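Chains as they are written, first to last, in the working numbering: chain E, 40 to 156; chain A, 40 to 156.
Ideal placement from N, C-alpha and C gives every residue a C-beta, glycine not left out.
Predicted, not measured: the structure shown is a model, and the values here were computed from it.
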DNA sequence: TACCAGCATAAAAATATGCAAATATTTGTA
DNA sequence: TACAAATATTTGCATATTTTTATGCTGGTA
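This is how it looks when you write it as structure tokens:
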């Protein structure tokens with residue numbers, strides 16, 4: 040594999056490497072979503088949401104469609120959901136490690152029997 | 040999903056967001072690999088390889104085993120290969136876009152009929 | 001035209017990441 | 001003990017990413 044392609048793949052994963060962007064993609068599982076709606080879900084201000092969307096757009100992960108003054112976003116390739124599903128499985132397989140790292144991150148870990156979404 | 044877990048997932052993807060680290064994981068498909076071997080494959084100096092391995096280790100993506108003075112690395116959960124496989128499929132589905140971005144990155148794109156690895 | 005809503009982009013400050021050079025650590029061996 | 005090999009960690013610095021805040025653009029409507 041050539042250098043540029045490697046860099047490109049890395050960029051792709053890097054685009055997924057942000058909490059807000061992961062939430063955005065997860066939200067888009069249910070179909071199109073306007074920036075406003077995302078803003079509510081993410082509890083972030085409009086500008087920040089737009090910026091994160093720009094990152095996903097630049098990596099061709101999402102597409103946008105304008106209707107009047109509102110813009111709807113959707114995932115370009117639904118296969119990305121499979122990707123996230125597998126990632127979730129990996130997390131579940133290593134729940135114990137995950138907890139350790141969460142603790143490290145300053146979180147409280149998961150409650151008894153609580154699953155990862 | 041709580042904040043800390045989101046951050047953790049993001050960290051996971053961020054760990055994959057580096058060309059060298061992707062090559063390392065791909066190399067580990069064939070099984071264990073010593074740092075030396077990785078050094079050769081990556082054409083990077085020892086220190087840099089160790090640093091990248093440290094990132095993967097900190098995210099629990101790889102494990103290491105010491106035998107004498109050499110350290111062997113392996114992937115913790117083979118399911119990560121599935122993850123990369125799906126990512127590859129996504130890339131292939133969007134070859135044209137990919138090419139555009141590669142060009143943007145200064146690469147030469149893919150040759151005629153050349154597949155992505 | 002004037003104005004507002006909904007998004008996008010820009011600019012600046014804070015934070016994190018990547019990289020290279022130097023230094024440490026660990027293990028085996030003379 | 002002294003030394004070499006293999007790997008890890010640290011340090012300093014350049015770059016990139018994140019976050020906030022401010023500004024710009026476009027489409028609808030009075």
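(1) Taking contact to mean at least 3 C-beta pairs separated by less than 8 Å, is the segment 70-90 of chain E in contact with the segment 116-135 of chain E?
(2) Within 10 angstroms of the Cβ of residue 47/A, are there 16 or more other Cβ atoms? Answer buried if so, exposed if not.
(3) Does the separation of the CB atoms of residue 66/A and residue 109/A fall below 8 Å?
(4) Kindly give me the distance between the Cβ atoms of residue 52/A and residue 52/E, rounded to whole angstroms, as I take these residues to be in contact under 8 Å.
(5) With DSSP as the reference, please indicate the residues paired to residue 109/A in a beta bridge.
(6) Strictly below 7 Å CB to CB, what residues from chain A border residue 90/E?
(7) In the DSSP output, what is residue 114/A paired with across the bridge?
(8) Along chain E, which residues have their Cβ under 8 Å away from the Cβ of residue 122/A?
(9) Can you check whether the CB of residue 56/A is closer than 8 Å to the CB of residue 113/A?
(10) Since residue 46/A is in the alpha helix (DSSP H), which residue starts that stretch and which ends it?
(11) How would you list, in chain order, the residues of chain E whose beta-carbon sits under 7 Å from the beta-carbon of residue 95/A?
(12) So residue 95/A and residue 54/A are in contact, right, with Cβ under 8 Å, and what is the actual spacing, rounded?
(13) Where do the ends of the alpha helix (DSSP H) carrying residue 84/E lie?
(14) Could you name the residues of chain A that residue 119/E contacts, counting a contact when the two beta carbons are closer than 7 Å?
(15) Residues of chain A with a CB under 7 Å from the CB of residue 55/E: which are they?
(16) Could you work out which residues of chain E lie near residue 105/A, taking near to mean beta carbons separated by less than 9 Å?
(17) Exposed or buried, which one is residue 115/A when buried takes at least 16 other CB atoms within 10 Å?
(18) Pull the bridge partners of residue 73/A from the DSSP assignment, please.
(19) Can you find a C-beta in chain A that's less than 8 Å from the C-beta of residue 102/E?
(20) Identify the contact partners of residue 116/E in chain A, using a Cβ-Cβ distance below 8 Å as the criterion.
(21) Within 7 Å: the Cβ of residue 110/A and any heavy atom of the ligand NAP?
(22) Can you tell me which of 122/E, 83/E, 118/E and 42/E puts its alpha carbon nearest to the alpha carbon of residue 60/A?
Taking the structure as given:
(1) no
(2) buried
(3) no
(4) 5 Å
(5) Per DSSP, the beta-bridge partners of residue 109/A are 106/A.
(6) Chain A residues near residue 90/E: none, gap ~15 Å exceeds 7 Å.
(7) 101/A
(8) Simply 122, 125, 126 and 129.
(9) no
(10) 42-55
(11) The contacting residues do not exist; residue 95/A stays about 13 Å from chain E at best.
(12) About 6 Å separates the beta carbons of residue 95/A and residue 54/A, which is inside the 8 Å limit, making them a contact pair.
(13) Where residue 84/E is concerned, there is no enclosing alpha helix (DSSP H), given that its DSSP letter is neither H nor E.
(14) 129, listed in chain order.
(15) 52
(16) Here the premise fails: no neighbours, minimum Cβ distance about 20 Å.
(17) Within a 10 Å sphere around the beta-carbon of residue 115/A sit 16 or more other beta-carbons, which makes this residue buried.
(18) 111/A
(19) For residue 102/E, no Cβ of chain A is located within less than 8 Å of the residue's own Cβ.
(20) 129, 132 and 133
(21) As far as ligands go, the structure on display features none, and thus does not contain the ligand NAP.
(22) 42/E
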